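Here the structure comes first, spelled out in structure tokens, and everything after it is commentary.
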Amino acid sequence: MKRRSLFIGAAAGVTAPVLAAGATPAAARPRGATATSGTAVPGPKRQWPVAPDNKAARLTTLPSTTQQVIIVTGNSYTTTYATLETFQRIRGVWTPISAPLAARIGSNGFSDNHLEGVPNTPTGVYSIGPTMYGIAANPGVSYPYHRLVTNDWWNENPDSPAYNTFQHTATNPGGYSEALWRETPAYTHFAVITYNMAPNVATPVPGAGSGIFLHEFSKTPSGPTAGCVSLSHGDLVSVLTWLKPELMPRIVLCPAQNLSQY
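Read in order, the letters of the sequence shown correspond to residues 59 to 320 in my numbering.
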């Protein structure tokens, strides 16, 4: 099925502006000439691009190496509805890449102190995990992709030494551990948000929460999550295939009023 493309600007190619009849393209005129006279006149000093006033441009804590950012915001701590926006640094300027996308977050909203088993979405700035996963075949992502099979688990047992990691095991790791291959349609495809895992922390803190993913809506119409961020299938695939590991992407999660903290 042909997927509606939501991506604009540099990520999808920019359509050249249409010139009015008889107009001379600026590149074809002598430097300093006007469009009507063709006579060279002293030109203004070169003007450098001005950073736009968008959500990404207001962020102050992103690493200098980060060239892509996903921003997920809601209008309060208690909402379960959010907006996901994508931005890319192009010639040093943060540029919107997609239209704002409708997202859902935890059924208890956002939290600055997420804990295991509590259905809220942790605030903060996180990386995208080094491997993407899914029950379905690779949709064309740039990351290593693991297609899920029987006995693929996410370990969410705080008492386990493998807490908050992917495991292939015939034995349920215990606790809130998820049988990933059974979670349809939510885990058709997903990316790992590195909450309570490297590089945000050296090792997962037992009980601080686990298994925070960017995944597909678990039902239609959409509902809140257990702490993850969810999108429609088409929007999710667009975001996952846009992400490039060499551009060191980050994802920012918070109520809109707190965005200046990041």
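By construction, the Cβ of each residue, glycine as well, lies at the ideal position given by its N, Cα and C atoms. These figures come from a predicted structure and were not determined experimentally.
Neighbour-count burial assignment, residue i, 16 or more Cβ in a 10 Å radius
{"i": "Asn222", "result": "buried"}
{"i": "Asn178", "result": "buried"}
{"i": "Asn213", "result": "buried"}
{"i": "Glu346", "result": "Lying before the first or after the last residue shown, residue 346 is absent from the chain, which here runs from 59 to 320."}
{"i": "Lys277", "result": "exposed"}
{"i": "Glu304", "result": "exposed"}
{"i": "Thr136", "result": "exposed"}
{"i": "Val297", "result": "buried"}
{"i": "Pro154", "result": "buried"}
{"i": "Thr44", "result": "A question about residue 44 goes unanswered here, because the residues of the chain that appear run from 59 up to 320."}
{"i": "Thr363", "result": "No information on residue 363 is available, as it lies outside the stretch 59 to 320 that the chain covers here."}
{"i": "Pro110", "result": "exposed"}
{"i": "Val287", "result": "buried"}
{"i": "Ala93", "result": "Low confidence applies here, because Ala93 scores a pLDDT of 39, under 50, leaving its location unreliable; read the following figure in that light. Per the 10 Å Cβ criterion, exposed."}
{"i": "Asn171", "result": "exposed"}
Contacts around residue i, its chain only, beta-carbon distance under 6 Å, and the 5 residues preceding and following it disregarded
{"i": "Pro321", "result": "Given a span of 59 to 320 for the chain in the structure shown, any question on residue 321 remains unanswerable."}
{"i": "Pro219", "result": "none"}
{"i": "Val310", "result": "Ile129, Val183, Tyr320"}
Simplified DSSP state of residue i, which is helix, strand or coil
{"i": "Glu214", "result": "strand"}
{"i": "Val183", "result": "strand"}
{"i": "Ser268", "result": "coil"}
{"i": "Leu294", "result": "helix"}
{"i": "Arg147", "result": "strand"}
{"i": "Glu274", "result": "strand"}
{"i": "Ser288", "result": "strand"}
{"i": "Glu304", "result": "helix"}
{"i": "Gln125", "result": "coil"}
{"i": "Ala140", "result": "strand"}
{"i": "Ala161", "result": "strand"}
{"i": "Ser318", "result": "helix"}
{"i": "Thr299", "result": "helix"}
{"i": "Ala256", "result": "coil"}
{"i": "Lys103", "result": "Unreliable positioning characterises Lys103 in this predicted model, as indicated by a pLDDT of 46, which lies under 50. A coordinate reading is not provided."}
Residue i and residue j closer than 9 Å at C-beta
{"i": "Gly232", "j": "Leu173", "result": "no"}
{"i": "Gly198", "j": "Thr123", "result": "no"}
{"i": "Val130", "j": "Met190", "result": "no"}
{"i": "Arg308", "j": "Ser185", "result": "yes"}
{"i": "His291", "j": "Thr246", "result": "yes"}
{"i": "Gly265", "j": "Pro216", "result": "yes"}
{"i": "Pro282", "j": "Gly164", "result": "yes"}
{"i": "Trp152", "j": "Val176", "result": "no"}
{"i": "Phe248", "j": "Leu301", "result": "no"}
{"i": "Ala160", "j": "Leu272", "result": "no"}
{"i": "Gln139", "j": "Gly150", "result": "The sequence given here has Tyr at residue 139, not Gln. No; because the gap between Cβ atoms is not below 9 Å, this pair is not in contact."}
{"i": "Ser318", "j": "Arg162", "result": "no"}
Identified DSSP bridge partners for residue i
{"i": "Phe168", "result": "Thr179"}
{"i": "Val207", "result": "Paired residues: none, contrary to the question."}
{"i": "Phe224", "result": "Trp212"}
{"i": "Cys312", "result": "Thr131"}
{"i": "Ile251", "result": "Ile186"}
{"i": "Gly281", "result": "In DSSP, Gly281 forms no bridge with anything."}
{"i": "Lys237", "result": "Note on identity: in this sequence residue 237 is Ala, with Lys being the wrong assignment. Its beta-bridge partners are Trp211."}
{"i": "Tyr191", "result": "His204, Phe248"}
Proximal residues to residue i (C-beta, below 7 Å), its chain only, five neighbours per side dropped
{"i": "Gln225", "result": "Trp211, Asn213, Pro231"}
{"i": "Ala84", "result": "At Ala84, the pLDDT of 37 sits below 50, so the modelled position is not reliable; the number obtained from the coordinates is stated separately. So the list is empty, once near-sequence residues are dropped."}
Contacting residues, own chain, Cβ-Cβ under 8 Å from residue i (five flanking each side not counted)
{"i": "Asn316", "result": "Thr181"}
{"i": "Pro257", "result": "Ser185"}
{"i": "Tyr234", "result": "Glu174, Gly175, Glu214, Asn215, Ser268, Gly269"}
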